[in-house]
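As structure tokens, the structure follows; a few thoughts come after it.
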Ligand code: C5P
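Residue numbers (our numbering): 1 to 407.
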């Protein structure tokens, strides 16, 4: 049995929170409800406490409960803090770190994982301020379920409806899973390392990729319980232990290995694939001849990421590409995301001043459908862990996946 601290925000969707409490209790979870002042306009504290079988906490300076446990303790005794509905105002407060009422104070004081179920008018959801707040909250590690698209209480149509209680319950249960089971039953494909494009049996075109980034990501995914197929070019770091390793040399071989490894629930393309190959690699070592240079004709390699992202049938639920940029990172990476047709681009600024190239730290920007999230500078391993966590979050939200598995 888990203990959920449920914060009910003031929106029309608050009525669905009553059903959420019922479903949580039925599934054996203990619910401590907290209501914002405006939530009381939509549901009564009496119905909330009757369903939860517990007193509702409403006021910050509730002297009795201050004496009983204090608001900081209240925020920490739970296994998970859930905000449903999370209104635009609540999200703004959370993003700014404000503590102006009991709910926002609890959210600021907690060290417990937080899941929010946003609900608001479609224009409020689409507003750049809400986009910014959402990106900040995600970058802070807050999990999000929904919103759904559909007819709204205000008569408009679009994204903004709070997810149904059953979907929120599924997200809650996924968030409560022990870390090593978050991705159990899921298959994730990772490409890594450089490719070598032969000129002749002894010479090749290559790049300086070490494969460290891809290996760290695969390791992080394995720790979350995923089955990982690791398609790697000739890398200089050891492959991740526990992955299914497919070693390749060329981009064409990498494409074939990727296609053979599908279906997958998610595919992460961390390889630095050579852009060109020599059209007619010689079967014999090309002899050096005084005064005569060999004419190499080049052809473009297949774009493996774009191919998989564009699959009409059997496309992984989540396709992630990488971009190393030296200037205008967000603009270039956003354009790359659209060009490749992938879901996310993990972009990093590799301009010489950053010291990122070849260093142990990385500062990435995650480009998603919702915009750009700047992650703080952290160890490359931490970037991999955070990315794996986000993959787990997306896959958990999918109930039936390409390969028909559920967490
Ligand atoms: O176009 P660019 O090489 O900058 O794109 C980088 C992203 O595309 C990386 O995720 C890389 O793994 C992927 N890619 C690929 N096949 C190629 C070229 C790039 O999968 N031929």
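Backbone N, C-alpha and C define an ideal beta-carbon position, used for all residues, glycine too.
7 Å CB neighbourhood of residue 168 in its chain, flanking five on each side removed = In the chain shown, counting from the first residue as 1, residue 168 sits at position 168. Contacts found: 20, 84, 117, 145.
inquiry  = Please list the terminal residues of the continuous beta strand (DSSP E) segment that includes residue 478.
reply    = With the chain covering only 1 through 407, there is no way to say anything about residue 478.
ask   = How long is the line joining the alpha carbons of residue 136 and residue 279, rounded to whole angstroms?
value = The count along the chain shown starts at 1 and reaches residue 136 at position 136. The count along the chain shown starts at 1 and reaches residue 279 at position 279. Taking the straight line joining both Cα atoms gives about 47 Å.
key: Identity of the residue in 289, 248, 302, 213 nearest residue 323 by Cα   = The residue you call residue 323 lines up with position 323 of the chain shown. Of 289, 248, 302, 213, the residue nearest in Cα terms is 213.
task = Measure the beta-carbon distance from residue 78 to residue 3 and round it to whole angstroms, keeping in mind my assumption that it falls under 8 Å.
result = Position 78 of the chain shown holds residue 78. Position 3 of the chain shown holds residue 3. The pair is a contact, with the Cβ atoms about 5 Å apart (cut-off 8 Å).
ask   = Within the present structure, is the beta-carbon of residue 189 separated from the nearest heavy atom of ligand 1 by less than 8 Å?
value = Within the chain shown, residue 189 is the residue found at index 189, counting from 1. Flag unset: Cβ of residue 189 not near ligand 1.
query = Is residue 282 closer than 9 Å to residue 201 when the C-beta atoms are compared?
reply = What you label residue 201 is simply residue 201 of the chain shown in a count that begins at 1. What you label residue 282 is simply residue 282 of the chain shown in a count that begins at 1. Cβ atoms of residue 201 and residue 282: closer than 9 Å.
query = Should residue 453 be listed as close to ligand 1, given that the test is whether its C-beta is under 8 Å from any heavy atom?
reply = Any answer about residue 453 is impossible in this case: the structure gives the chain only from 1 up to 407.
inquiry  = Beta-carbon within less than 8 Å of residue 302's beta-carbon, same chain only, minus the 5 sequence neighbours each way: which residues are those?
reply    = Here residue 302 refers to the residue found at position 302 of the chain shown. Once the five neighbours on either side are set aside, the close Cβ partners of residue 302 are 251, 252, 255.
inquiry  = For residue 153, count the other beta carbons within 10 Å of its own beta carbon; 16 or more makes it buried, fewer makes it exposed. Which is it?
reply    = As a first step, residue 153 must be located in the chain shown, where it is residue number 153. With fewer than 16 Cβ atoms within 10 Å of its Cβ, residue 153 is classed as exposed.
query = How is the alpha helix (DSSP H) around residue 133 delimited, first residue to last?
reply = Walking along the chain shown from the start, residue 133 turns up at place 133. 128 to 139 is the span of the alpha helix (DSSP H), which, as asked, contains residue 133.
task = Can you tell me the Cβ-Cβ gap for residue 224 and residue 189, rounded? I've got them flagged as a contact below 8 Å.
result = Start at 1 with the first residue of the chain shown, and residue 224 comes out as number 224. Start at 1 with the first residue of the chain shown, and residue 189 comes out as number 189. Rounded, the Cβ-Cβ distance is 15 Å, inconsistent with contact.
message = So within the segment 136 to 166, which uninterrupted beta strand (DSSP E) runs reach at least 3 residues, ignoring any that extend past its ends?
response = 148 to 151, 157 to 161
key: Contact check, residue 216 vs residue 381, beta carbons under 9 Å   = Position 216 of the chain shown, counting from 1, holds the residue named residue 216. Position 381 of the chain shown, counting from 1, holds the residue named residue 381. It is a contact, given that the beta carbons lie within the stated cut-off.
request  = Tell me residue 409's beta-bridge partners as DSSP assigns them.
outcome  = Past the edges of the chain, shown from 1 to 407, lies residue 409, and the structure says nothing about it.
key: Residues whose Cβ lies closer than 5 Å to any heavy atom of ligand 1, in chain order   = 269, 271, 273, 301, 303, 304, 305, 321, 322
key: N- and C-terminal bounds of the beta strand (DSSP E) containing residue 329   = In the chain shown, counting from the first residue as 1, residue 329 sits at position 329. Counting along the chain, residue 329 falls outside any beta strand (DSSP E), though it belongs to the alpha helix (DSSP H) covering 329 to 340.
ask   = According to DSSP, which residues form a beta bridge with residue 83?
value = One-based indexing of the chain shown puts residue 83 at position 83. Answer is 7, 116.
message = So for residue 24, helix, strand or coil by DSSP?
response = Taking the chain shown and counting its residues from 1, the one referred to as residue 24 is at position 24. Helix, per DSSP.
inquiry  = Taking 7 Å as the limit between beta carbons, can you name the residues of its chain near residue 364, skipping five residues before and five after?
reply    = The count along the chain shown starts at 1 and reaches residue 364 at position 364. Closer than 7 Å at the Cβ level, and outside the excluded window around residue 364, lie 346, 347, 348, 375, 383.
request  = Would you tell me roughly how many angstroms separate the C-alpha atoms of residue 331 and residue 221, rounded to the nearest one?
outcome  = Taking the first residue of the chain shown as position 1, residue 331 is located at position 331. Taking the first residue of the chain shown as position 1, residue 221 is located at position 221. Their backbone Cα atoms lie some 29 Å apart in a straight line.
task = Can you grab the Cα-Cα spacing for the pair residue 160 / residue 112, in whole Å?
result = The residue you call residue 160 lines up with position 160 of the chain shown. The residue you call residue 112 lines up with position 112 of the chain shown. Cα to Cα, residue 160 sits roughly 26 Å from residue 112.
request  = Please classify residue 280: does DSSP put it in a helix, a strand, or coil?
outcome  = Sequence index remark: in the chain shown, residue 280 carries index 280 (1-based). In the structure shown, residue 280 sits in coil (DSSP, three-state: anything other than H, G, I, E or B).
key: Coil, strand or helix - residue 380 by DSSP   = Residue numbering aside, residue 380 sits at position 380 when the chain shown is read from its first letter. Residue 380: helix per DSSP, three-state reduction.
query = So residue 328 and residue 351 are in contact, right, with Cβ under 8 Å, and what is the actual spacing, rounded?
reply = The sequence position of residue 328 within the chain shown is 328, counting from 1. The sequence position of residue 351 within the chain shown is 351, counting from 1. That belief does not hold up - the Cβ atoms of residue 328 and residue 351 are roughly 11 Å apart, past 8 Å.
message = So residue 238 and residue 245 are supposed to be a Cβ contact under 8 Å. How far apart are they, rounded?
response = Here residue 238 is taken as the residue at index 238 of the chain shown, counted from 1. Here residue 245 is taken as the residue at index 245 of the chain shown, counted from 1. In fact, because the Cβ distance is near 10 Å, the residues do not count as touching under 8 Å.
inquiry  = Using a 10 Å radius around the Cβ and a threshold of 16 neighbouring Cβ atoms, would you call residue 17 buried or exposed?
reply    = Reading the chain shown from its first residue, position 17 is the one you call residue 17. Residue 17 should be labelled buried.
ask   = Start and end of the beta strand (DSSP E) containing residue 33?
value = Translated into the one-based positions of the chain shown, residue 33 becomes position 33. That run of the beta strand (DSSP E) goes 30 to 35.
query = Between the C-alpha atoms of residue 68 and residue 106, what's the straight-line distance to the nearest angstrom?
reply = Along the chain shown, one-based indexing puts residue 68 at 68. Along the chain shown, one-based indexing puts residue 106 at 106. A caution first: residue 68 carries a pLDDT of 49, below 50, which makes its placement in the model too unreliable to give a value.
message = To test your reading of the DSSP string, which unbroken alpha helix (DSSP H) runs of 4 or more residues are found completely within the segment 261 to 325?
response = 304 to 309
ask   = For the candidate residues 389, 209, 150, whose alpha-carbon lies nearest to that of residue 273?
value = On the chain shown, residue 273 is found 273 positions in, with the first residue counted as 1. Of 389, 209, 150, the residue nearest in Cα terms is 209.
request  = Can you tell me which of 338, 8, 57, 29 puts its alpha carbon nearest to the alpha carbon of residue 42?
outcome  = Position 42 of the chain shown holds residue 42. Among 338, 8, 57, 29, the Cα nearest to that of residue 42 belongs to 8.
ask   = Does the separation of the CB atoms of residue 74 and residue 370 fall below 9 Å?
value = Residue mapping note: residue 74 aligns to position 74 of the chain shown, counting from 1. Residue mapping note: residue 370 aligns to position 370 of the chain shown, counting from 1. No.
key: CB contact flag (residue 31, residue 24, <9 Å)   = Here residue 31 refers to the residue found at position 31 of the chain shown. Here residue 24 refers to the residue found at position 24 of the chain shown. Result yes, Cβ atoms of residue 31 and residue 24 sit closer than 9 Å.
ask   = Helix, strand or coil: which one does DSSP assign to residue 366?
value = The residue given as residue 366 occupies position 366 in the chain shown. Strand, per DSSP.
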